[in-house]
Amino acid sequence: ELAASIIKCTLFGAIIAIVCCYKGMTATGGAAGVGRAVNEAVVTALLGVFIFNYLFTQTMLATNPDIQTIK
């Protein structure tokens, strides 16, 4: 469980960093373009994290059914 949590947090950070760097580096149109890029980056990163979290959690629960029990 600890290893899965560390992997999950690391990949959350990677998703956020990659999306934000990409949106920031491709921003055009001056200050208004940067504002739009920030908005797009936040929305895209949030959706990416939610989707990854769902898929990762479902995979972990399917491969390790004993995690579902309270110890």
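Sequential numbering of the sequence shown, starting at -3, is according to the working numbering. No residue lacks a Cβ here, since even glycine has one placed at the ideal position from N, Cα and C. Just so it is clear, the structure is predicted and the values come from calculations on it, not from any experiment.
Look at Asn35 here: in three-state DSSP terms it is helix.
By the Cβ criterion, the stretch 50 to 65 is not in contact with the stretch 26 to 33, since fewer than three pairs of Cβ atoms, one from each stretch, lie closer than 8 Å. Leaving aside the five residues that flank Phe8 on each side, the residues in its chain whose CB is nearer than 6 Å to its CB run, in chain order, Val45. With respect to the C-alpha of Asn35, the residue from Asn60, Gly20, Lys4 having the closest C-alpha is Gly20. Across the structure, Val38 and Leu(-2) are spaced so that their CA atoms are roughly 28 Å apart. Rounded to the nearest angstrom, the gap between the Cα atoms of Ala13 and Asp62 is 33 Å. Comparing alpha carbon positions, the residue from Asn49, Gln64, Thr59, Asn60 closest to Ile3 is Asn49.
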